[in-house]
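A quick write-up on the structure given underneath.
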Amino acid sequence: MSTNIFSNATTAQAVAEMTLYGGTGMKRMADLWIVLDGERRATLEAAFKPDFDRYREMAAKGAPVALPVPTLAQRAAQDVAARDCRN
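The sequence shown begins at 44 in this note's numbering and counts up by one.
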C-alpha cells in the first residue's frame with residue numbers, strides 16, 4: 044500500500060507555506076484564500092490544485108530552512124569584494 048504524502052498536510056498548512064515561501068502571486072492567493080468563505084475556498088483550491096498540492100507537499104515534508112538574511116555590514120563587505128556599491 045502506498046502512502047500519499049498529501050494526506051499528511053491540510054489546506055490551511057499549504058496556505059501557511061504559501062504565505063512563508065511563495066512568491067508575490069502565491070502570497071496574494073494565500074491572502075485571498077484566508078478571507079474567502081468555505082465554498083469559494085474550495086473553488087479556488089480546485090482551480091489551482093497543482094499549486095495547492097505543491098505547497099501541501101512542502102508542508103508535509105517540512106519546509107526548507109530559510110537562509111539567514113545578511114546584515115548591512117555583511118552586504119557592504121560583499122559589495123566591496125565585488126567592487127559594487129549598489130547595496
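Ideal Cβ positions, reconstructed from N, Cα and C, are used throughout, including at glycine.
Specify the secondary structure class of residue i as computed by DSSP and reduced to three states.
i, result
"Phe95", "helix"
"Leu115", "helix"
"Leu87", "helix"
"Ala125", "coil"
"Leu79", "coil"
"Ala102", "helix"
"Gly68", "helix"
"Ala52", "coil"
Using the Cα positions of residue i and residue j, report the straight-line distance between them to the nearest angstrom.
i, j, result
"Phe95", "Ala85", "11 Å"
"Val123", "Gly66", "30 Å"
"Thr114", "Ala52", "34 Å"
"Asp80", "Leu87", "11 Å"
Taking its Cβ as the centre, do 16 or more other Cβ atoms sit within 10 Å of residue i, making it buried, or is it exposed?
i, result
"Glu30", "No answer is possible for residue 30: it lies beyond the span of the chain, which begins at 44 and ends at 130."
"Val78", "exposed"
"Arg118", "exposed"
"Arg99", "buried"
"Ala73", "buried"
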